[in-house]
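Structure first, then comments.
Number of protein chains: 2
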Amino acid sequence: MENMKRLPDAEFEIMKVVWEKESPITTAMIMEEIGDKRKWKAPTVLTLMRRLVERGFLRTEKKGKERTYYPLISKEDYLELETEKFMKQYHKNSFLSLVNTLYNTKEPSEKELDELLKWAKERRK
Amino acid sequence: MENMKRLPDAEFEIMKVVWEKESPITTAMIMEEIGDKRKWKAPTVLTLMRRLVERGFLRTEKKGKERTYYPLISKEDYLELETEKFMKQYHKNSFLSLVNTLYNTKEPSEKELDELLKWAKERRK
DNA sequence: TCTGATATTCTACACTTGTAAAATATGATA
DNA sequence: TATCATATTTTACAAGTGTAGAATATCAGA
Chain F
1263 MENMKRLPDA
1273 EFEIMKVVWE
1283 KESPITTAMI
1293 MEEIGDKRKW
1303 KAPTVLTLMR
1313 RLVERGFLRT
1323 EKKGKERTYY
1333 PLISKEDYLE
1343 LETEKFMKQY
1353 HKNSFLSLVN
1363 TLYNTKEPSE
1373 KELDELLKWA
1383 KERRK
Chain P
1263 MENMKRLPDA
1273 EFEIMKVVWE
1283 KESPITTAMI
1293 MEEIGDKRKW
1303 KAPTVLTLMR
1313 RLVERGFLRT
1323 EKKGKERTYY
1333 PLISKEDYLE
1343 LETEKFMKQY
1353 HKNSFLSLVN
1363 TLYNTKEPSE
1373 KELDELLKWA
1383 KERRK
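Chains F and P, in that order, are what the protein sequence lines are. Sequential numbering of the first sequence, starting at 1263, is according to our numbering. Sequential numbering of the second sequence, starting at 1263, is according to our numbering.
Written out as structure tokens, the structure is:
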């Protein structure tokens, strides 16, 4: 999508569920998944879904009483946008800046280090 | 600070300038630095500074006609919060997820890889 | 077909954020 | 000290976001 924008937190919550379920998505599925955790009422969820449709993140169809939804933006594409924005805004696109910030106080785990080393070496050869 | 919250973008812009200058900070300094770029009027900047004071990011003193400001939160502390929130929310705290997202389409530069390898190796032994 | 249950839509409202005009205070200068 | 220039404070307002009550539509069953 041209000029995709960051999602408000609540809408991103919804999208996370949408991405992890199989389409078509129903409101019931969303309610079941996060209704409890977030204590959202049905109209709240419906409002968020509607806004996501307006934003072009979902498309929707009405069958009788109920609506179904389908994602138009993939999780990968969205996370890429989000991550690039973040790296640029807070770390001048420097990965080193990021790790230094994160592990300034704490130490990285062995596992993280291993994964990272493996990843970096693979790209380098 | 207990329960520090994320800053709105405009306020973060201000903080970036605050952090890079020597305290005490004056509005004039801010205006000079980003007044042009962002085309903010003086009252806009003053409002943002006031909000930052209310949030506990700055303290301020009034000398005569003018105000001076001092940061109460360091750049390092704030970036740590921001980065941790980001990693948790968008990457389940996994670096690998982050690098895979970033370098899914593009390739990492030699320089990034070198820096990263160096960093990881240093931590490991 | 009437009725109740349920999903959706409409409407609303408070809070946050970005932005600044108008009003005011105060130091500098004539 | 009266006046001007300038910095600050007050006030405001539109958009965006989180949240949901009230109103409405529609399916399923009596």
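Every residue gets a Cβ at the ideal spot worked out from N, C-alpha and C, and that includes glycine.
Same chain, Cβ closer than 8 Å to residue i, five either side skipped, listed in chain order
i	result
arginine 1317 of chain F	Lys1267, Leu1269 and Glu1273
arginine 1321 of chain P	Val1315, Tyr1331, Tyr1332 and Leu1334
histidine 1353 of chain F	Ser1359, Leu1360 and Thr1363
proline 1286 of chain F	Glu1323, Thr1330, Tyr1331 and Tyr1332
Per-residue contacts from residue i into chain F (C-beta, under 8 Å)
i	result
methionine 1349 of chain P	Leu1364
glutamate 1342 of chain P	Thr1363, Leu1364, Asn1366 and Thr1367
Host beta strand (DSSP E) of residue i (start-end)
i	result
proline 1333 of chain F	1328-1333
Cross-chain neighbours of residue i in chain F, by beta carbon under 7 Å
i	result
phenylalanine 1357 of chain P	Glu1374, Glu1377 and Leu1378
leucine 1360 of chain P	Thr1345
proline 1370 of chain P	Arg1385
Nonlocal neighbours in the same chain, by C-beta distance under 6 Å from residue i, ignoring five residues either side
i	result
glutamate 1323 of chain P	Thr1330
Chain-ordered neighbours of residue i on chain F, where CB pairs are closer than 9 Å
i	result
tryptophan 1281 of chain P	Those within 9 Å of tryptophan 1281 of chain P in chain F number zero; the least Cβ separation is about 12 Å.
tryptophan 1302 of chain P	Result: empty, since nearest Cβ-Cβ is about 18 Å, beyond 9 Å.
Paired residues, beta bridge with residue i - DSSP
i	result
arginine 1321 of chain F	F:Tyr1332
threonine 1288 of chain F	F:Thr1330
Chain P contact residues for residue i, given Cβ-Cβ distances below 8 Å
i	result
glutamate 1338 of chain F	Thr1363 and Asn1366
Host alpha helix (DSSP H) of residue i (start-end)
i	result
tryptophan 1281 of chain F	1271-1282
threonine 1367 of chain F	Threonine 1367 of chain F -> no alpha helix (DSSP H), and no H or E assigned at all.
glutamate 1316 of chain P	1304-1316
arginine 1385 of chain F	1372-1386
lysine 1354 of chain F	Careful: lysine 1354 of chain F lies outside any alpha helix (DSSP H) and carries neither H nor E.
Other residues of its chain near residue i: CB distance less than 7 Å, five sequence neighbours each side excluded
i	result
glutamate 1328 of chain P	Thr1288
Next on the checklist: Quick test of the definition: if touching needs 3 or more C-beta pairs under 8 Å, does the region 1281-1298 of chain P touch the region 1364-1372 of chain F?
Outcome noted: No, the region 1281-1298 of chain P does not touch the region 1364-1372 of chain F.
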